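Each remark here refers to the structure printed beneath this line.
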Amino acid sequence: MNELIHAVVGLHIIGIGALLGGFLTQLGPMRSGTARFGQPMLYGALTMLVTGVALIGLSQADGYTINTVKYGIKAAVLVVILGLVYVKRDDDRIDKRVFGAVGGLTVVNIFIALLWT
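Written out as structure tokens, the structure is:
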């Protein structure tokens, strides 16, 4: 079971890499007001959501105690990110504040995962 959990964690990290990498590649266009939410950002957020839910289920099945408040907050932040990326994915130009919010919330989600024990 441990190997499966580690494999899903790896997929979760790939998802966050796609989301954060997509954001970072658009920093230059964001300054000029032409940033866009790309497909990697959408698929990264979806991957994070699916693998996050799977990790909770696998961890509970393996007997670990789950901090439901922490994972509830992480899920809520991710749903906001996913909603913003999904709704604005076809827009030619994204407002800098909306684009920055997605990047900021992504970083917040990373730090919640790392620092909240």
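Following our numbering, the numbering of the sequence shown begins with 18 at its first residue and continues without gaps.
In this text, a Cβ means the ideal position worked out from N, Cα and C, and glycines have one as well.
All of these numbers come straight from a predicted model, not from anything done at the bench.
- A direct Cα-Cα distance of roughly 18 Å separates Ala-52 from Val-124.
- Taken through DSSP and simplified to helix, strand or coil, Met-47 comes out as helix.
- Between Leu-75 and Met-18, the CB-CB gap stays under 9 Å.
- Going by DSSP, Gly-32 is part of the alpha helix (DSSP H) stretching over 19–42.
- Residue burial is scored here from C-beta neighbours: Ile-83 has fewer than 16 other C-beta atoms within 10 angstroms and is therefore classed as exposed.
- Judged by DSSP secondary structure, Ala-52 falls outside any alpha helix (DSSP H); it is assigned neither H nor E.
- Proximity of the region 90–110 to the region 59–70 meets the contact definition, three or more beta-carbon pairs being nearer than 8 Å.
- Rounded to whole angstroms, the separation of the alpha carbons of Arg-48 and Asp-112 is 10 Å.
- Between Ala-35 and Thr-64, the beta carbon gap of about 7 Å places them in contact (Cβ cut-off 8 Å).
- For Arg-114, the enclosing alpha helix (DSSP H) starts and ends at 113–132.
- When Gly-117, Leu-95, Phe-128 and Lys-87 are compared, the shortest CA-CA separation from Leu-44 is found for Gly-117.
- For Gly-89, the secondary structure class from DSSP, reduced to helix, strand or coil, is helix.
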